[in-house]
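In terms of this note's numbering, the sequence shown has 68 at position 13, counting the first letter as 1, and numbering is strictly consecutive. Reviewing the structure listed below.
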Amino acid sequence: VVHLWVEGVWELVMASILAYLMLKLTGVDREVVEKWLYVIVGTSLFTGILGTGHHYYWIGTPGYWQWIGSIFSSLEVIPFFLMMVFSFVMVWK
């Protein structure tokens, strides 16, 4: 339960802070940042819920949940990174 809270809430707070910083520091259009926020919210919640699968080992579920959880946990960072890369590319143009 705690891990789902961390995946579901903390990443969304982090996304909103990142979006605010991108708006204030780079001057990228708000519409662009909002579109990236939709992508981040969707992928963060999807990968966050499936990413908790690497904790299922302790409740006796099959071993494939280790792989599913590990793969999706590593995918959680990608939208944040892509939003920063896209913002800096827009600034440099």
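The C-beta atom is built at its ideal place from N, Cα and C for all residues, glycine as well. Predicted model, so just to flag it, every value in this text is computed and none were measured.
Rounded C-beta distance between Phe127 and Thr102? I'm assuming under 8 Å.
4 Å
Classify Leu73 as buried or exposed, calling it buried when 16 or more other Cβ atoms lie within 10 Å of its own Cβ.
buried
The alpha helix (DSSP H) with Thr81 in it runs from where to where?
66-81
So, under 8 Å CB-CB, Glu62 and Gly106 are touching, yes? Tell me the CB distance rounded to an integer number of Å.
6 Å
Under the three-state DSSP convention, the category Glu86 falls into
helix
By Cβ distance below 8 Å, which residues in the same chain neighbour His110 in space, the five residues on each side in sequence not counted?
His58, Gly124
Ile104 versus Ser129: straight-line alpha-carbon distance, rounded:
12 Å
Over the uninterrupted alpha helix (DSSP H) stretch that includes Val61, give me the two end residues.
Unbroken run through Val61: none, as it is neither H nor E.
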